[in-house]
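Engineer:
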Amino acid sequence: MSTPRDEWPQNRQCWRKKPDYINKLYNRNNDSNYDVAGGQKLGSSVCKPKFRPYDICFNGKRNHGSIGATLRGENKESRIEIQKEWTKGSVLRPGMVLLKNFISHDEQVEIVKVCRELGVGLGGFYQPGYENGAKLRLKMMCLGMDWDPQTYKYGNKRVFDGSTPPSIPNHFSKLVTRAIQEAQSLTEKEYGACNVEDVLPSMTPDICIVNFYTENGKLGLHQDRDESRESLQKGLPVVSFSIGDSADFLYGDKRSVEEAKRVMLESGDVLIFGGESRHVFHGVPSVFPNSAPKELLKDSGLSPGRLNLTFRQY
Numbered sequence: 001m002s003t004p005r006d007e008w009p010q011n012r013q014c015w016r017k018k019p020d021y022i023n024k025l026y027n028r029n030n031d032s033n034y035d036v037a038g039g040q041k042l043g044s045s046v047c048k049p050k051f052r053p054y055d056i057c058f059n060g061k062r063n064h065g066s067i068g069a070t071l072r073g074e075n076k077e078s079r080i081e082i083q084k085e086w087t088k089g090s091v092l093r094p095g096m097v098l099l100k101n102f103i104s105h106d107e108q109v110e111i112v113k114v115c116r117e118l119g120v121g122l123g124g125f126y127q128p129g130y131e132n133g134a135k136l137r138l139k140m141m142c143l144g145m146d147w148d149p150q151t152y153k154y155g156n157k158r159v160f161d162g163s164t165p166p167s168i169p170n171h172f173s174k175l176v177t178r179a180i181q182e183a184q185s186l187t188e189k190e191y192g193a194c195n196v197e198d199v200l201p202s203m204t205p206d207i208c209i210v211n212f213y214t215e216n217g218k219l220g221l222h223q224d225r226d227e228s229r230e231s232l233q234k235g236l237p238v239v240s241f242s243i244g245d246s247a248d249f250l251y252g253d254k255r256s257v258e259e260a261k262r263v264m265l266e267s268g269d270v271l272i273f274g275g276e277s278r279h280v281f282h283g284v285p286s287v288f289p290n291s292a293p294k295e296l297l298k299d300s301g302l303s304p305g306r307l308n309l310t311f312r313q314y
């Protein structure tokens with residue numbers, strides 16, 4: 001939900017000729033806001049700022065021992081306790097499933113802690129900026145592979161500082177697999193006898209785009225289509241984790257806010273879209289300030305805003 005442009009047509013050259021949107025840069029891949037503060041044009045080159053670690057948690061909330069132990073124990077069983085019960089799930093359309101409250105409180109706290117730990121290290125959270133000083137209104141970190149918001153391409157090194165993206169934590173991948181399996185189970189119940197892989201394929205994530213954006217964050221309607229041709233043709237799903245403040249989520253077959261359907265994404269929700277819904281237009285028009293669960297903020301130290309992780313297979 002990662003990580004990620006208003007009025008995005010199929011023809012990129014055609015889009016670049018539209019004067020109404022030339023001052024905005026959008027990520028087609030994930031749920032984040034790429035509006036440029038200061039109206040920087042798309043043609044401008046991205047500057048290479050000195051890397052300054054960004055902490056998504058309040059100062060003083062560290063819990064170094066438990067975080068370090070988690071990061072050092074990648075080959076051991078995750079200490080995340082698998083949640084046995086959750087609120088509900090619903091099939092929004094073929095290939096698109098919303099799992100409400102799927103990520104438990106303890107899992108959310110753990111995700112925040114691990115993202116915080118990775119985010120202050122090499123390859124961690126940074127804010128892309130331009131030579132004139134304009135900044136993109138988000139903090140971004142890529143796991144597995146780097147995604148460049150200027151070229152819309154993936155790579156093994158981060159362009160602006162040459163750092164290598166951290167690996168996707170093993171227990172993150174396990175949670176993705178569990179969510180897909182639950183979504184497939186709901187799909188089978190919804191459509192009866194069918195080959196569920198044709199409706200919602202399985203996938204093994206090798207990319208995770210982590211975005212942290214503040215209470216005024218938003219994302220225009222767009223499609224996610226920067227992955228490999230094979231991945232897109234197979235309809236391998238995007239899996240989005242929402243943690244922190246709630247947000248409105250729009251989706252539809254057209255790039256039209258008026259015709260789009262709307263659901264609320266709350267902390268702990270997982271949204272999955274693949275199969276024939278892989279190229280659905282989607283966006284986040286608003287984030288609701290102070291809507292994050294108080295216990296989550298207390299136990300994780302997460303700063304005000306929305307933490308969104310979007311997983312995919314290149």
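The sequence shown: position 265 = 265 (the UniProt record's numbering), numbered continuously.
Positions of the beta carbon are idealized from the N, C-alpha and C atoms, including for glycine.
Note that the structure is a prediction, hence the values are computed from the model and not measured.
(1) For the alpha helix (DSSP H) holding residue 199, just list the boundary residues, first then last.
(2) Start and end of the beta strand (DSSP E) containing residue 283?
(3) Please state the DSSP three-state secondary structure of residue 77.
(4) Do the segment 269-289 and the segment 243-253 meet, that is, are 3 or more Cβ pairs less than 8 Å apart?
(5) Indicate whether residue 228 and residue 152 have their beta-carbon atoms separated by less than 8 Å.
(6) Along the alpha helix (DSSP H) that carries residue 212, what are the first and last residues, could you check?
(7) Do you know how far the Cα of residue 220 is from the Cα of residue 199?
(8) Under the assumption that residue 144 contacts residue 207 (Cβ atoms under 8 Å), give the Cβ distance between them as a whole number of angstroms.
(9) Determine the closest residue to residue 128 out of 114, 300, 174, 211, with distance taken between C-alpha atoms.
(10) Apply the 10 Å Cβ neighbour rule to residue 194 and answer buried if 16 or more other Cβ atoms are within range, or exposed otherwise.
(11) DSSP has residue 248 in a bridge; who is on the other side?
(12) Take residue 43 and list the residues in its own chain whose beta-carbon comes closer than 6 Å to its own, dropping the five residues that flank it on each side.
(13) What number of angstroms, rounded off, separates the C-alpha of residue 102 from the C-alpha of residue 268?
(14) Do the CB positions of residue 91 and residue 187 come within less than 8 Å of each other?
(15) Give the DSSP-derived three-state secondary structure of residue 154 in the structure shown.
(16) Could you say which of 296, 311, 310 lies nearest to residue 318 if we only look at CA atoms?
(17) Judging by CA-CA distance, which residue of 244, 238, 137 is the nearest neighbour of residue 282?
(18) Between residue 286 and the rest of its own chain, which residues show a CB-CB distance below 8 Å, the 5 nearest in sequence each way excluded?
(19) Just to confirm, is the Cβ distance from residue 140 to residue 118 under 8 Å?
(20) Does DSSP put residue 117 in a helix, a strand or coil?
(21) Take residue 122 as the anchor and find which of 98, 160, 149 has the nearest alpha-carbon.
(22) Using CA coordinates, which residue listed in 58, 310, 96, 307 is at the minimum distance from residue 190?
(23) Which value, in whole angstroms, describes the spacing of the CA atoms of residue 224 and residue 180?
(24) Can you round the beta-carbon distance between residue 244 and residue 307 to whole angstroms, since I take them to be within the 8 Å contact cut?
(25) Mapping the DSSP letters down to three states, classify residue 126 as helix, strand or coil.
(26) Could you tell me the alpha carbon to alpha carbon distance between residue 89 and residue 100, rounded to whole angstroms?
(27) Could you say which of 222, 277, 266 lies nearest to residue 233 if we only look at CA atoms?
(28) Quick one: give me the first and last residue of the alpha helix (DSSP H) that residue 173 is part of.
(29) Which one of 222, 309, 312 has the shortest CA to CA distance from residue 279?
(30) Output the boundary residues of the alpha helix (DSSP H) element that contains residue 232.
(31) Mapping the DSSP letters down to three states, classify residue 220 as helix, strand or coil.
Structural biologist: Taking the structure as given:
(1) Start and end: 196-199.
(2) For residue 283, the enclosing beta strand (DSSP E) has its first and last residue at 281-284.
(3) With a pLDDT of 42 at residue 77, under the threshold of 50, the modelled position of that residue is not reliable, and the figure given next carries that caveat. In this structure, residue 77 counts as coil in the three-state DSSP scheme.
(4) Short answer: they touch.
(5) Taking 8 Å as the Cβ cut-off, residue 228 and residue 152 do not qualify as a contacting pair.
(6) From DSSP, residue 212 is part of no alpha helix (DSSP H) but of the beta strand (DSSP E) over 207-213.
(7) Straight-line Cα distance between these residues: approximately 26 Å.
(8) 5 Å between Cβ atoms; contact.
(9) The option with the nearest alpha carbon to residue 128 is 211.
(10) Around the beta carbon of residue 194, fewer than 16 other beta carbons sit within 10 angstroms, so the residue counts as exposed.
(11) BP columns for residue 248 point to 264.
(12) Confidence is the limiting factor: at residue 43 the pLDDT is only 37, short of 50, which leaves the residue's position unreliable and the question unanswerable from this model.
(13) About 6 Å.
(14) Closer than 8 Å, so yes.
(15) Residue state, collapsed to three classes: strand.
(16) What is shown of the chain runs 1 to 314, which leaves residue 318 out entirely.
(17) Selected option, being the one with the closest Cα: 238.
(18) The answer, listed in chain order, is 218, 247, 248.
(19) Between residue 140 and residue 118, the C-beta spacing is not below 8 Å.
(20) Annotated three-state conformation of residue 117 is helix, per DSSP.
(21) It is 160 whose Cα lies nearest to the Cα of residue 122.
(22) Per the Cα distances, 96.
(23) Per the coordinates, the alpha-carbon of residue 224 lies some 18 Å from the alpha-carbon of residue 180.
(24) Indeed, because the Cβ distance is near 5 Å, the residues count as touching under 8 Å.
(25) In the structure shown, residue 126 sits in a strand (DSSP, three-state: E or B).
(26) Linking residue 89 to residue 100 through their CA atoms gives a straight-line distance of about 6 Å.
(27) Selected option, being the one with the closest Cα: 277.
(28) Here the alpha helix (DSSP H) through residue 173 covers 170-191.
(29) Minimum Cα distance to residue 279 is reached at 222.
(30) Start and end: 229-234.
(31) Here residue 220 sits in strand by DSSP.
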